[in-house]
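J.: The sequence shown runs 0 to 101 under numbering that gives the first Met the number 0. Heads up, the beta-carbon is just placed ideally off N, CA and C, and yes, glycines get one too. Fair warning: this is a prediction, and the values are worked out from it, not measured in the lab. One structure coming up, written as structure tokens, with questions to follow.
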Amino acid sequence: MAEQKFVGNTENLESLQMVIKDKAGDIDDKIEKIYSALIKINKEGTWAGAAADTFINKCNNSKTTFTNLVKFLNDYAEVVGVVNKNLEVLSNNVSSACKGVQ
0 MAEQKFVGNT ENLESLQMVI KDKAGDIDDK IEKIYSALIK INKEGTWAGA AADTFINKCN
60 NSKTTFTNLV KFLNDYAEVV GVVNKNLEVL SNNVSSACKG VQ
């Protein structure tokens, strides 16, 4: 009977987890820069009136959406990490169980 090997490759999951965390951080940084610029414009009073208020309100709503996206990405990265650890355990358990089996 041919020898069978079970190999769980988790390297891609580790990389994926880091990429997701990096992207979440990038998005969060950009959101803060944009929001800070909007606050500065609003405080300077360079733009006022109904149009400015509407724009600021829409930006605030967008900030909430992007903040939720960052939270989702960080949560997703954690799930990928858990899957990675579980696959490592599974791979080790299957490899151990298969030793000596022919």
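1) Three or more C-beta pairs closer than 8 angstroms, one from the stretch 51-65 and one from the stretch 9-16: is that the case here?
2) Tell me, to the nearest whole angstrom, how far the beta carbon of residue 23 is from that of residue 72; I am working on the premise that it is less than 8 angstroms.
3) Can you look up residue 48 in the DSSP assignment and give me helix, strand or coil?
4) Taking the alpha helix (DSSP H) that residue 20 belongs to, which residues open and close that run?
T.: Looking at the atomic coordinates:
1) no
2) 4 angstroms
3) coil
4) 10-43
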